[in-house]
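Everything below concerns the one structure shown next.
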Amino acid sequence: MDFQSGILQDGSPMESLEKQLICPICLEMFSKPVVILPCQHNLCRKCANDVFQAANPYWQSRGSVISGGRFRCPSCRHEVLLDRHGVYGLQRNLLVENIIDIYKQECSSRPLKKGEHPMCKEHEDERINIYCVTCEVPTCSMCKVFGAHKDCEVAPLQSVFQGQKTELNNCISMLVAGNDRIQTIISQLEDSCQSTEENSEAAKRELCARFDALAALLEEKKAELLQRISQEQADKTAFIQSLICQYKEQLEKSSRLVETAVQAAEETGGAAFLMNAKQLIKTIVEASKGGRLEKIEQGYESMDAFSVSLEHLAEAVRALDFEAAEEDEEYFDGEEEEVEENAAPERTVMGKGQSTAEPTSPGPSSTHGGALGVWALLDHPILSLGSFPVATTTLPARERRPRAQDVRHGFGTGGHRTGTGSVASRRLLQHRTLFYTGANRTIPHVL
Numbered sequence: 001m002d003f004q005s006g007i008l009q010d011g012s013p014m015e016s017l018e019k020q021l022i023c024p025i026c027l028e029m030f031s032k033p034v035v036i037l038p039c040q041h042n043l044c045r046k047c048a049n050d051v052f053q054a055a056n057p058y059w060q061s062r063g064s065v066i067s068g069g070r071f072r073c074p075s076c077r078h079e080v081l082l083d084r085h086g087v088y089g090l091q092r093n094l095l096v097e098n099i100i101d102i103y104k105q106e107c108s109s110r111p112l113k114k115g116e117h118p119m120c121k122e123h124e125d126e127r128i129n130i131y132c133v134t135c136e137v138p139t140c141s142m143c144k145v146f147g148a149h150k151d152c153e154v155a156p157l158q159s160v161f162q163g164q165k166t167e168l169n170n171c172i173s174m175l176v177a178g179n180d181r182i183q184t185i186i187s188q189l190e191d192s193c194q195s196t197e198e199n200s201e202a203a204k205r206e207l208c209a210r211f212d213a214l215a216a217l218l219e220e221k222k223a224e225l226l227q228r229i230s231q232e233q234a235d236k237t238a239f240i241q242s243l244i245c246q247y248k249e250q251l252e253k254s255s256r257l258v259e260t261a262v263q264a265a266e267e268t269g270g271a272a273f274l275m276n277a278k279q280l281i282k283t284i285v286e287a288s289k290g291g292r293l294e295k296i297e298q299g300y301e302s303m304d305a306f307s308v309s310l311e312h313l314a315e316a317v318r319a320l321d322f323e324a325a326e327e328d329e330e331y332f333d334g335e336e337e338e339v340e341e342n343a344a345p346e347r348t349v350m351g352k353g354q355s356t357a358e359p360t361s362p363g364p365s366s367t368h369g370g371a372l373g374v375w376a377l378l379d380h381p382i383l384s385l386g387s388f389p390v391a392t393t394t395l396p397a398r399e400r401r402p403r404a405q406d407v408r409h410g411f412g413t414g415g416h417r418t419g420t421g422s423v424a425s426r427r428l429l430q431h432r433t434l435f436y437t438g439a440n441r442t443i444p445h446v447l
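The sequence shown runs contiguously to residue 447 in the UniProt record's numbering.
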């Protein structure tokens, strides 16, 4: 903690490092090469040589025969003994030299302090005061007169400074405006992402609700139709049981009559036999004539009239998809009149007995885009309280083979969709049940 506070009191770490790199002789930063003395202090070799020459003025004149010399360290006054190589025999401090290089590189990359004027790298005593237009770098007057920029075009530093500063301010304004636009876009995208999640959850809930309602409707209709089949079964079995009872009664009477006739036939006396034979024969003849009971027709026990084809519903469910509502509007605008013209009344045979049903008017379209989807299909009379379809009608040849897209049904976020095509598919849109059977493409339907 004390060490850190000491550094803060002396200044920034870079300033403290700079003080450690000052030569005690020239009071400037060490210049290469840097030599280390036996006392572990550092000097510039040039400064060390100057001190050595001052302490040994006759060393050079004596030639290489002189064994060496001595001088005192300027920092600690320790006496330094040199060999015949003089200061050139001292060891270089490569660590300090590397630290100096790193320090200079760091200083060159740092912005200048306020009020501090940059100096020329080539001429360390010269301030940078002009701008080389050719090389696009600031330089000093000495570089223009004697240095690398003597053949270049130069301009006053202040004029170039004002122009580039204005350009930089414009770039900053443009960048800030761009950042504002980007931030706005980011906010919009985040809102869109949140809205997408909310809308998807709402769409999922709506879809689940629709399918749950569809499943409930199918279960309700299944229970209803099963109840009708059970009722028909009960009616037919009750009728058959009543016939069985009648036939059993007749069989019992006939058995008693046979027993009486057999006893009469066993009578040996002619007078006694003749007294009862005529009346007995008359009774047998009347019983044989009046004993004819009601019979059931062939196939009375069949339940084929209650068969339901759900293939068209399965196709509609398999074709469910999400479609755009615009296509539905385009289809219904051009096909509505033709559907009305082709709608004709038909008769329907009921399951038990015979009765007629009036034509059913086209049902209302879906609320989504005016298109009919699976809801309109499920509103068909085949799933209502009406009869089961058994009557048939044959389409003209041009209507017998509807295209594949004519049986497509679906609903999406914007509405339901039904494929365009033949009159057969448009009759399906008008709440008719269509399913293809046989080679001649006859279509049982209910109006």
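By construction, the Cβ of each residue, glycine as well, lies at the ideal position given by its N, Cα and C atoms.
Item, Value
"Please give the ranges of any beta strand (DSSP E) in the segment 65-145, keeping only runs that are unbroken, at least 3 residues long and fully inside the region.", "69-72, 79-82, 130-132 and 137-139"
"Tell me the rounded alpha-carbon separation between Val176 and Ser108.", "28 Å"
"Alpha carbon to alpha carbon, how far is Leu207 from Leu226? Give it in angstroms, no decimals.", "28 Å"
"The alpha helix (DSSP H) with Cys44 in it runs from where to where?", "Careful: Cys44 lies outside any alpha helix (DSSP H), inside the beta strand (DSSP E) at Asn42 to Cys44."
"Let me check one thing: in DSSP terms, what residues is Ala155 bridge-paired to?", "Tyr131"
"Take Pro396 and list the residues in its own chain whose beta-carbon comes closer than 7 Å to its own, dropping the five residues that flank it on each side.", "Only weak support exists for where Pro396 lies, its pLDDT of 41 falling under 50; the value from the coordinates is given anyway. The answer is none, since no qualifying residue turns up."
"Taking DSSP as the reference, what is the three-state secondary structure of Met303?", "coil"
"Which residue from Ile172, Leu81, Met142 and Glu18 puts its Cα closest to that of Ile99?", "Glu18"
"Just how far apart, CA to CA, sit Glu301 and Ser254?", "28 Å"
"Have a look at the DSSP bridge pairing and note the partners of Val35.", "Leu43 and Arg92"
"What's the call for His85, buried or exposed, on a 16-neighbour Cβ count within 10 Å?", "exposed"
"When the Cα atoms are used, what is the spatial distance from Ala265 to Leu293?", "28 Å"
"Taking the DSSP output, what are the residues bridged to Ile185?", "Note: Ile185 sits in no beta bridge, so no partner."
"If we call anything under 8 Å between Cβ atoms a contact, is Cys47 one with Cys76?", "no"
"Cβ atoms of Leu280 and Thr260: under 8 Å apart, would you say?", "yes"
"What separation, rounded to the nearest whole angstrom, lies between the Cα atoms of Ile186 and Lys204?", "27 Å"
"Count the other C-beta atoms from every protein chain shown that fall within 10 angstroms of the C-beta of Phe322, then say buried if there are 16 or more, exposed otherwise.", "exposed"
"Using the rule of at least 16 other Cβ atoms within 10 Å of the residue's Cβ for burial, across every protein chain shown, is Ala316 buried or exposed?", "buried"
"Using a Cβ-Cβ cut-off of 6 Å (strictly less than) and excluding sequence neighbours within five positions of Cys44, which residues of its own chain qualify?", "Cys23, Phe30 and Ser31"
"Taking 8 Å as the threshold (C-beta atoms), are Cys120 and Cys143 in contact?", "yes"
"Tell me, please, which residues DSSP counts as bridged to Met29.", "Ile22"
"Would you decide whether Cys193 is buried or exposed? Buried here means 16 or more other CB atoms lie within 10 Å of its CB.", "exposed"
"Return the CA-CA distance between Met14 and Asp101, expressed in angstroms with no decimal places.", "13 Å"
"Are the CB atoms of Ala277 and Leu257 within a distance shorter than 8 Å?", "no"
"Go through its chain and collect everything with a Cβ distance to Arg72's Cβ below 6 Å, but skip five positions before and after it.", "Glu79"
"Contact check, Ile36 vs Gln105 under 8 Å by CB: the rounded distance?", "Between Gln105 and Ile36 the Cβ distance is about 23 Å, and since that is not below 8 Å, they are no contact."
"For Val34, which residues in the same chain have their Cβ closer than 8 Å to its Cβ, ignoring the five residues on either side in sequence?", "Asn42, Leu43, Cys44, Arg45, Arg92, Asn93, Val96, Glu97 and Ile100"
"Report the residue from Phe146, Lys150 and Pro118 whose alpha carbon sits nearest the alpha carbon of Cys135.", "Lys150"
"Counting only the same chain and skipping the five closest in sequence on each side, list residues whose C-beta sits under 8 Å from that of Phe52.", "Trp59, Gly69, Phe71, Leu82, Gly86 and Val87"
"Roughly how many whole angstroms lie between the Cα atoms of His123 and Ser16?", "26 Å"
"Give me, in chain order, the residues of the same chain whose beta-carbon lies closer than 7 Å to that of Thr139; leave out the 5 immediate sequence neighbours on both sides.", "Cys120, Ile128, Ile130, Cys132 and His149"
"Does the Cβ of Val154 have 16 or more other Cβ atoms within 10 Å, making it buried, or fewer, making it exposed?", "buried"
"Apart from the five residues on each side of it in sequence, which residues of its chain come closer than 8 Å, Cβ to Cβ, to Ile284?", "Leu257 and Ala261"
"With a threshold of 8 Å on Cβ separation, who are the neighbours of Asp125 within its own chain once the five nearest residues in sequence on each side are excluded?", "Met119"
"Can you list, in chain order, the residues of its chain with a C-beta nearer than 7 Å to that of Gly89? Leave out the 5 residues immediately preceding and following it.", "Leu82 and Asp83"
"Are the Cβ atoms of Phe306 and Glu232 separated by less than 8 Å?", "yes"
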